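Count the sequence shown with my numbering and you get residues 198 to 275, in order.
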Amino acid sequence: MIEMGELRVEIPEELREEMKELPNVNKMVTLTVSIPDELKKRMDEHPEINWSAFLKERFARKVEQLRKFEELVNKGEI
Numbered sequence: 198m199i200e201m202g203e204l205r206v207e208i209p210e211e212l213r214e215e216m217k218e219l220p221n222v223n224k225m226v227t228l229t230v231s232i233p234d235e236l237k238k239r240m241d242e243h244p245e246i247n248w249s250a251f252l253k254e255r256f257a258r259k260v261e262q263l264r265k266f267e268e269l270v271n272k273g274e275i
């Protein structure tokens with residue numbers, strides 16, 4: 198849901214589970230992201246894009262990158 202320059206994103210269960218293991222992460226189901234009005238206008242020019250789904254996928258990808266990085270650190274490969 199996009200509302201007044203804010204993007205509300207529901208976080209998938211598997212990502213919430215991984216986020217619980219990260220320090221200082223709020224265990225919320227909904228995340229609100231504030232964006233500049235100009236960016237919101239430009240996003241609105243692309244109604245074909247599901248921005249919530251886009252961000253969910255990006256969050257999941259980043260968490261997976263962090264997991265892999267931590268695994269390498271724990272193995273002493275970094």
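Each residue gets a CB set at the ideal place from its N, CA and C atoms; glycine is no exception. Treat the numbers as computed from the prediction; the structure is a model and nothing was measured.
- Where Leu219 is concerned, there is no enclosing beta strand (DSSP E), because DSSP gives it neither an H nor an E.
- The C-beta distance from Ser249 to Glu207 rounds to 7 angstroms, short enough to fall under 8 angstroms.
- Per DSSP, Lys272 is not a residue of any alpha helix (DSSP H), being assigned neither H nor E.
- In the structure shown, Glu207 falls within a strand segment according to DSSP collapsed to helix, strand and coil.
- In this structure, the beta-carbon distance from Arg205 to Thr229 falls below 8 angstroms.
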